[in-house]
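Each residue of the sequence shown is one higher than the one before, starting from 1 at the first, in full-length UniProt numbering.
Using N, Cα and C, we set each Cβ at its ideal position, and we do this for glycine too.
For clarity, every value in this text was computed on a predicted model and none was experimentally measured.
Data block below; observations after.
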Amino acid sequence: MKESKQTDSYAHILKYTGLFGSMQGLSILVGIIRTKLVALILGPDGVGLMSLFNSTIRLLGDTSQLGLPVSGVRKISYAYEHNDQESLAHHIKLLRSWSLVTGIVGMILCVALSPLLNSWTFNWGNHTLHFMLLAPIVALSTITGGELAILKGTRRLRPLALISLFQVVLALIISVPLFLLWQQTAIIPSLLLVALSQMLLTIGYSYRYHPLRLSLQPDFLTQGNSTIRLGIAFMLAAMMGSGAEFIIRLFLNTRGNLDDVGLYNAGFMMTMTYAGMVFTALETDYFPRLSAIGNDTKQQNRLINRQIEVSLLLLAPLLIAFLAGMPIILPLLYSSKFLPALGMVQPAVLAMYLRALTLPLCYVPLARGDSSTYLIVEGLSAVAIIVAVGFGFTHWGLTGAGFGILVAGLADFFVLTTVAFRRYGYRMNRSNIGYTIFHFLLLLCTYAVATTTQDWTYWAAGFIFFLISAAFSWRILRQKTGDTSPTP
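Put into structure tokens, the structure is as follows:
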């Protein structure tokens, strides 16, 4: 029975990691087309300008949402897991009501702060009106986040996967024609129309399962105080994360220029978004299950170790292929103008590997309701990446920024593993330690080859390292899921 449960658990993690990973892969294929076209149409400075506006939206959205898209999942998931329909309906209604309130607050906040945002962000021109026009996008994104939290908490995994795909398709269909017609002038209209379409798509799925019910009565809203308290901690942490991204881009824009911002954003997107498709299952499937466990340390350790194991085994071969193929992938996704970002992307790929180890641990304080610990850890992470990237860019340009991301990733790893061990009793099992060392050595070898050779030995070595990593991962995953059939 115990072995059967283990097989079911590994199979579940692999199934939904595969589901969201494959959907993310399809989304990325569509996104590649959009990114390529946008890069060709707008160029590095246009991509940098859009990056600054997107960073502003994320920062204000994270501020106004009060962390509800995450803290709301915890309550809804617990009620769903224990089949408490009355509590489930109550928390869904509460989350929707608060999402509407915070969306309106975020919109007002964006308008009020527009003059300050203009003076902080740009040292040329007056973009106050542009920041004011971002206000409806903040509200739409907040409502979308609340509905996605409901779908996550009630384990509507297939609709969530489809939404993630359709959102990218809509972004392609809407934004590219606008950019072709009006170039950089179309950036804000495209952001607004994309946000509106994504909200309509999300509520179309969510309302189908849970019809809209709202209450803005103060007595009702105050019932969400415990969720708000945890959410505020997440909000502050998210603000620090978004603020760190914002500060880094401001620093690059003032210390360098808008082209540097565009190149950095391209490299950041490639490593943190494209290479991170395996991580999409974590927030959608893993976090609700971790929240439902409660304070059971034994079950917690088993779930965390299995999630880390599957993430490592799936991600390592992809990162090796990604690292080896970067000279082709970078101009393919963007254009040859973005090749200066190559030196940044290569060390940042190594940071993505460390993220497979740390991201499952990031959710433990949230699942436990330990808001203060989560806030401290995320604050240290934000400070680390600002200092490391700023120092690296100042001394070695974009390549230094890439090494800064790697150094910040190492700092995250040591802080999170120490906190998880001392505060929550987490122990990484021996097999995960072995897998971590094995694949990291392969990644280091791939990086060494990628930065020292250019002839056919580069491609041959990269292909060999990929085959070794993929074969190893395939063998282990087959064993863990109980597949004893011969290898095809």
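Exercise. Is residue 213 helix, strand or coil by DSSP?
Worked result: Looking at residue 213 - three-state DSSP - the assignment turns out to be coil, as it is neither helix nor strand.
Problem set entry | Residue from 391, 414, 353, 97 with nearest C-alpha to residue 251 | Among 391, 414, 353, 97, the Cα nearest to that of residue 251 is on 391.
Problem set entry | Three-state secondary structure (DSSP) of residue 334 | The DSSP-derived three-state label of residue 334 is coil.
Problem set entry | Nonlocal neighbours in the same chain, by C-beta distance under 8 Å from residue 221, ignoring five residues either side | If we look at residue 221 and ignore the five residues flanking it on each side, its Cβ neighbours are 94, 97, 98, 101, 215.
For this session: Consult DSSP for residue 426 and reduce its assignment to one of helix, strand or coil.
Result: In the structure shown, residue 426 sits in coil (DSSP, three-state: anything other than H, G, I, E or B).
Exercise. Near residue 69, what residues of its chain come up, given a Cβ to Cβ distance below 7 Å and the 5 sequence neighbours on each side ignored?
Worked result: 145, 146, 148, 149.
Exercise. Is the region 419-426 close to the region 391-407, with three or more CB pairs under 8 Å?
Worked result: These segments do not touch.
Exercise. So what's residue 305 in DSSP terms, helix, strand or just coil?
Worked result: Helix.
Exercise. Three-state secondary structure (DSSP) at residue 144?
Worked result: In the three-state scheme derived from DSSP, where H, G and I count as helix and E and B as strand, residue 144 is classed as helix.
Exercise. For the region 178-188 against the region 309-316, are there 3 or more C-beta pairs whose distance is under 8 Å?
Worked result: Touching, no, given that fewer than three Cβ pairs across the two stretches are closer than 8 Å.
Exercise. Should residue 489 be labelled buried (16 or more other beta-carbon atoms within 10 Å of its own) or exposed?
Worked result: In the structure as shown, the chain begins at 1 and stops at 488. Residue 489 is therefore absent and cannot be evaluated.
For this session: Kindly indicate the opening and closing residues of the alpha helix (DSSP H) around residue 244.
Result: 225-255 is the span of the alpha helix (DSSP H), which, as asked, contains residue 244.
Problem set entry | Spatial distance of residue 8 from residue 211 (CA atoms) | Low confidence applies here, because residue 8 scores a pLDDT of 38, under 50, leaving its location unreliable and the question unanswered by this model.
Exercise. Residue range of the alpha helix (DSSP H) that residue 69 falls in?
Worked result: In the DSSP assignment, residue 69 falls within the unbroken alpha helix (DSSP H) covering 68-81.
Problem set entry | Cβ neighbours of residue 174 in the same chain (closer than 8 Å, five flanking residues each side left out) | The answer, listed in chain order, is 190, 193, 194, 197.
Exercise. On the three-pair Cβ rule with 8 Å, is the region 262-272 touching the region 35-46?
Worked result: Taking a cut-off of 8 Å for Cβ pairs, the region 262-272 and the region 35-46 touch, as three or more such pairs fall below it.
Exercise. In terms of residues, what are the limits of the alpha helix (DSSP H) holding residue 259?
Worked result: Per DSSP, residue 259 belongs to the alpha helix (DSSP H) from 258-269.
Exercise. Does the beta-carbon of residue 205 have 16 or more other beta-carbons within 10 angstroms, so that it is buried, or is it exposed?
Worked result: So residue 205 ends up on the buried side.
Exercise. CA-CA distance, residue 73 and residue 253?
Worked result: Distance from the CA atom of residue 73 to the CA atom of residue 253, rounded to whole angstroms, is 37 Å.
For this session: Look at residue 135 and residue 111 and say whether their C-beta atoms are less than 7 Å apart.
Result: Cβ atoms of residue 135 and residue 111: closer than 7 Å.
Problem set entry | Test item: CB-CB of residue 342 and residue 330 under 7 Å | In this structure, residue 342 lies near residue 330, with their beta-carbon atoms less than 7 Å apart.
Problem set entry | Beta-carbon proximity check, residue 77 vs residue 153, cutoff 7 Å | Yes.
For this session: Within its chain, find whatever has a CB closer than 6 Å to the CB of residue 127; leave out the 5 residues flanking it on each side and keep chain order.
Result: The residues are 118.
Exercise. DSSP three-state call for residue 346: helix, strand or coil?
Worked result: DSSP places residue 346 in helix when its eight states are reduced to three.
Exercise. What did DSSP end up calling residue 65 once you bin it into helix, strand or coil?
Worked result: Residue 65 falls in the coil class under three-state DSSP.
Exercise. Below 7 Å between beta carbons: does that hold for residue 442 and residue 469?
Worked result: The Cβ-Cβ distance between residue 442 and residue 469 falls below 7 Å.
Exercise. What is the C-beta distance between residue 352 and residue 267, in whole angstroms, given that I count them as a contact (C-beta under 8 Å)?
Worked result: Not quite, the Cβ-Cβ distance comes to about 12 Å (not below 8 Å), so this is no contact.
Exercise. Should residue 4 go down as buried or exposed, given a rule of 16 or more other Cβ atoms within 10 Å for buried?
Worked result: With a pLDDT of only 37 at residue 4, under the threshold of 50, the placement of this residue in the model should not be trusted; the figure read from the coordinates follows. Looking at its Cβ environment, which holds fewer than 16 other Cβ atoms inside 10 Å, residue 4 is exposed.
For this session: Note down, in chain order, each residue of its chain lying with its Cβ closer than 8 Å to the Cβ of residue 444, except the 5 sequence neighbours on either side.
Result: Leaving aside the five residues that flank residue 444 on each side, the residues in its chain whose CB is nearer than 8 Å to its CB run, in chain order, 350.
For this session: Enumerate in chain order the residues of its own chain whose CB-to-CB distance from residue 381 is below 6 Å, with the five nearest sequence positions on each side excluded.
Result: Taken in chain order, the residues that qualify are 412.
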